[in-house]
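Undergrad: Residue numbers (my numbering), protein chains in the order written: chain A, 109 to 358; chain B, -7 to 306; chain C, 318 to 589.
Where is the CB? At the ideal position from N, CA and C, for every residue including glycine.
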Amino acid sequence: MTILGKKVPMMLSLVVWLAVWELVGRSRLLFLIPPFTEILKAATTVVTNAKFVDAVIISLKAFGMGMGIALVAGISLGVLMGRVKIVEQSLSMWLNVFVSAPLTAIVPALMVIFGIGQTTVVVTVLLFAIWVITLDTQAGVKNISPSLLEMARSFGASRFEVYTKVILWAALPEILCGLRLGLIRGVRGLVVGQLLIAIMGLGELFELYSRYFLMDRFWFLVILVFAFAFALAELVNYLERRIEFYARTR
Amino acid sequence: MHRATGAARAPCLSSPEGFQGALIFCDSASIRVGEPTSNLKLRAGQLSAKQREKGVRMPIVLRRYVNQRFLWRLVSLCLVFGAWELAGRKPISIAFPTFSSTMLALADLIKEGTLSSAYAVTLQPLAIGVLIIGILGVVCGIAMGLSRTFEWFTLPVFIIVQSAPMAALIPLITFLYGIGLAAKVLAVVLMAAPVIVLNSYKGIRNVNPSLIQMSRSFLGNRQQEIAKIIIPDASGLIFAGLRLGVASGFIGVVLAELLITPTGIGDLITYYRAIAEYPSMFASITSIIVFATVTVSLLQWLENILFRPERRGS
Amino acid sequence: MGGISRRASELAKEENNNMQNSPIIEVRGISKTYEGGCEALRNLNMAFPRGELTTLLGPSGCGKTTLLKIIAGLLELTRGEVLIEGKKVDGPGPERAFVFQDFALMPWATVLRNVAFGLELRQVPKKERLEIARKYIDEVGLSGFETSYPHELSGGMRQRVGLARALAVDAEILLMDEPFASVDEQTRRKFQEDLLGLLETEKKTVVFVTHSIEEAIYLSDQVALMTPRPGSIMKIVNTKTERGRNPEEVRRDKKYLDCVEDLWQILKQYLV
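#1: Once you ignore the five residues that flank Glu352 (chain A) on each side, which residues in its own chain have a CB closer than 8 Å to its CB?
#2: Distance, Cα to Cα, Val567 (chain C) vs Ile530 (chain C)?
#3: Between the alpha carbons of Val116 (chain A) and Ser198 (chain A), how many angstroms are there, rounded?
#4: Using 8 Å as the threshold, is the C-beta distance between Ala485 (chain C) and Ile449 (chain C) below it?
#5: Whole angstroms is fine: what's the gap from Ala119 (chain B)'s alpha carbon to Leu298 (chain B)'s?
#6: For Val123 (chain A), does the three-state DSSP call read helix, strand or coil?
#7: At the 8 Å Cβ level, is Val205 (chain A) part of the contact set with chain C, yes or no?
#8: Can you say whether Gln539 (chain C) is buried or exposed, counting buried as having 16 or more other CB atoms within 10 angstroms of its CB?
#9: Contact between the region 207 to 224 of chain A and the region 258 to 269 of chain A is defined here as three or more beta-carbon pairs at a separation below 8 Å; is this criterion met?
#10: Provide the residue(s) that pair with Lys404 (chain C) in DSSP beta bridges, ordered along the chain.
#11: Does any C-beta atom of chain C lie closer than 8 Å to the C-beta of Phe61 (chain A)?
#12: DSSP three-state call for Gln43 (chain B): helix, strand or coil?
#13: Name, please, each residue of chain B whose Cβ falls closer than 7 Å to the Cβ of Thr212 (chain A).
#14: Applying the 10 Å Cβ sphere with the 16-neighbour rule, what's the burial state of Lys520 (chain C)?
#15: Applying the criterion that 16 or more other CB atoms from any shown protein chain within 10 Å of the CB defines a buried residue, is Thr467 (chain C) buried or exposed?
#16: Can you give me the Cβ contacts of Thr395 (chain C) inside the same chain, cut-off strictly under 8 Å, excluding the 5 residues immediately before and after it?
#17: Starting from Met363 (chain C), trace the beta strand (DSSP E) both ways and give me its first and last residue.
#18: Using the three-state DSSP reduction, which class does Met423 (chain C) fall into: helix, strand or coil?
#19: With a cut-off of 8 Å, does the C-beta of Trp277 (chain A) fall near any C-beta of chain B?
#20: Please report the distance separating the alpha-carbon of Gly397 (chain C) from that of Gly172 (chain A).
#21: Sort out for me which residues DSSP pairs Val344 (chain C) with in a bridge.
#22: Which residues of chain A have a Cβ atom closer than 7 Å to the Cβ of Phe462 (chain C), listed in chain order?
#23: Give the single residue among A:Leu276, A:Val155, A:Ser167 whose Cα lies nearest to the Cα of Gly309 (chain A).
#24: Given a cut-off of 8 Å on the beta-carbon distance, is the pair Gly186 (chain A) and Gln246 (chain A) in contact?
#25: Does the beta carbon of Val406 (chain C) come closer than 8 Å to any beta carbon on chain A?
#26: Please state whether DSSP places Val457 (chain C) in a helix, a strand or coil.
#27: Skipping 5 residues on each side, what residues in its chain have a beta carbon closer than 8 Å to that of Glu143 (chain B)?
#28: Determine the burial state of Ala270 (chain B): buried for a count of at least 16 other Cβ atoms within 10 Å of its Cβ, exposed for fewer.
#29: Note down the Cα distance separating Val344 (chain C) from Ala364 (chain C), rounded to an integer number of angstroms.
#30: Output the distance between the C-alpha atoms of Ile387 (chain C) and Pro409 (chain C), rounded to the nearest integer angstrom.
#31: Quick one: Cα of Gly174 (chain A) to Cα of Trp327 (chain A), how far?
#32: Do Val288 (chain B) and Arg208 (chain B) have their beta-carbon atoms positioned less than 8 Å apart in this structure?
#33: If you draw a straight line from the C-alpha of Lys557 (chain C) to the C-alpha of Thr372 (chain C), how long is it?
#34: Would you say Tyr453 (chain C) reaches chain A, if we count a Cβ-Cβ gap shorter than 8 Å as a contact?
Right under this line is the structure:
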């Protein structure tokens, strides 16, 4: 979009939206939508609250553990599936089911099995994230040009070297794509898990703020979680852009 | 022509193109604004080096190939269900039911009609929501693709929203619309909107430029261009977006039923959990997973038929 | 078939006056059937003389690339054996280097690293292998591009990188699988001339696969004509031309043109 002949960067439209938000909030049209400036002010109250710090730590721990396991297991499984046809044929059906299934339905079952605590949240994050990571890794490994692998073998590469020097690098664009989608899903898993459990972490705070209609704090929390997910996704995006130069010529 | 990166970047899940007949579902890829599209060739069905060494499989009898795949799926199903059965007997947890008891409970639920009445309730907001956001979302996506000004206003919002856990907004919905049908419809709309809009947008933006040039060379005007070239060419991605939207819609309706107020399937799950009838609870969960999978698979099959004749064999 | 190839290897032996008598590569009774029943090669026997450039020529699908990859150790054979220097081999080895039709360059690595890759896999210390790589990058005419990435190079340049990589490991045998097929015509001619120039200094045995008759005759010392699937050796033709002659002269020489026509007549029969 151009104004007076000068190109306006797209992200500025967000400023416009924020202005709209402010106006809507001030007019008290819906009590649900407080002015943006109030949300920013609420930030200080929320952040200094000890409960908040605890909640964040608990959530980050759960998220970190769940994502860590999902990453390691997902990539390994994906590579295995990409290289060994038998594994692929037996597992790909399940992969395709779970990558799009409403996994939220499983969370109550997880609560029943693992109890109402941190473990359930970790398992939720793990389950939400792992399928897409595996699927994308598998796609990346399968898409490797066969002559690249033959080349490595023809120059005497050992099995290990083929994996570390060729396969992982050649599949890296897809692996990062899977990682990005997995992170997004993982955050969703974190939120869903904590909302359903509702007695700890951010879920507890969400519940608290909405019950007492502390909308400004609630929105701040929402924005925080959104920003977290966005930041993670952008981080991986940055990495993807760094390796884009070769993704195109494979 | 200024294009935004779309499906092309990583062939894996950034595009709705599947490979080897696998069902690919993904959140829409990150749209980076203002960069030229890179066109990666999707090497669908490419054999791994190992397979190439062992020899390219000649397409002799299709049946033989299908049977082999079918066989492995059967084996895999048996293994998983067998493991489930064992896990239930071991038991992993007193609450974890065996496969057999779950299946029996499922049979009961179907027989008594509890399942069908539950779905009748659950599917309402899903269908309404998908219908609303399907039409609105596609129109919005097309508008974003065709109009730079509209894109300027709306794209950044959707870029942010595509990575956001919309689930966090669910508690808010209750305030707006209470706990009735409208709330659940809104939940479906919220969850499905980003993926439908962004896929339609991508579809419009990624139209083959040669086709547009061809239309202009034969003196077509803009309306003809849009109606005869752009929209048909984009329809593949648009439909894929709708498919992904339905998948997201399922997630939305289940979330709504578990978080806002239990009705339909969510009610079954919560109820059986409350009275500790675990086989029935797990049966309900299994049923919704199966239902969602089957629905989305049907859509994928439809998509293959309508838009991808070269993949009909899979 | 067996009779012809025995005669061929005798011929080959007679011709190698200045070099050792035994062929450096010998393939005996090679049969290859792919999974799914496609029989690519049947009872193929052939000997490749040391220090010479032999081309495998034949119609599409006759199995020439299959044979080449079997010699390279990249494909399993169904029957038969491959002997290098009289010893049976059944996998890749340091005495053979392969040049790929689609270049097989690692797109995330610089030209320098790509060329040094074979040495890297042999655990040659970094400084040494980069030095060797630079030398060969220079030899193929790419000096100045050491830090470029494959996506910044043209097709012809990428193949030079592939060639440099194969030369860098100093293997006695070079196996080239239609290396100039993905390159444009003008570059291709230049390449052929450059390759001959390189081979004057490097003294390697080369097995070359192509479906271009002109290229086969121009480059090789002998051409092995292959039958269509299932492939075996139909005829071996001596095409040695005087080295060091002006390439333009060679391409217009009567003997050369006659040879091209003869081979074309033979191959034409198999075109459907």
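TA: The structure says:
#1: Pro281
#2: 14 Å
#3: 52 Å
#4: yes
#5: 22 Å
#6: helix
#7: no
#8: buried
#9: no
#10: C:Ile401
#11: Nothing can be reported for residue 61 (chain A): it is not among the residues displayed for chain A, which extend from 109 to 358.
#12: For Gln43 (chain B), the pLDDT reaches just 45, beneath the cut-off of 50, and the residue's location in the model is therefore unreliable, although a value from the coordinates is still provided. If DSSP states are grouped into helix, strand and coil, Gln43 (chain B) belongs with the helices.
#13: Ile243, Val246, Leu247, Leu250
#14: exposed
#15: Note that residue 467 (chain C) corresponds to Pro in the displayed sequence, not to Thr. Label assigned to Pro467 (chain C): buried.
#16: Ser348, Lys349, Thr350
#17: 356 to 365
#18: coil
#19: no
#20: 56 Å
#21: C:Met363, C:Val399
#22: Within chain A, no residue comes near Phe462 (chain C); the closest Cβ sits about 15 Å away, beyond 7 Å.
#23: A:Ser167
#24: yes
#25: no
#26: coil
#27: Met136, Gly137, Tyr193
#28: According to the sequence displayed, residue 270 (chain B) carries Tyr and not Ala. Flag for Tyr270 (chain B) reads buried.
#29: 6 Å
#30: 9 Å
#31: 26 Å
#32: no
#33: 12 Å
#34: no
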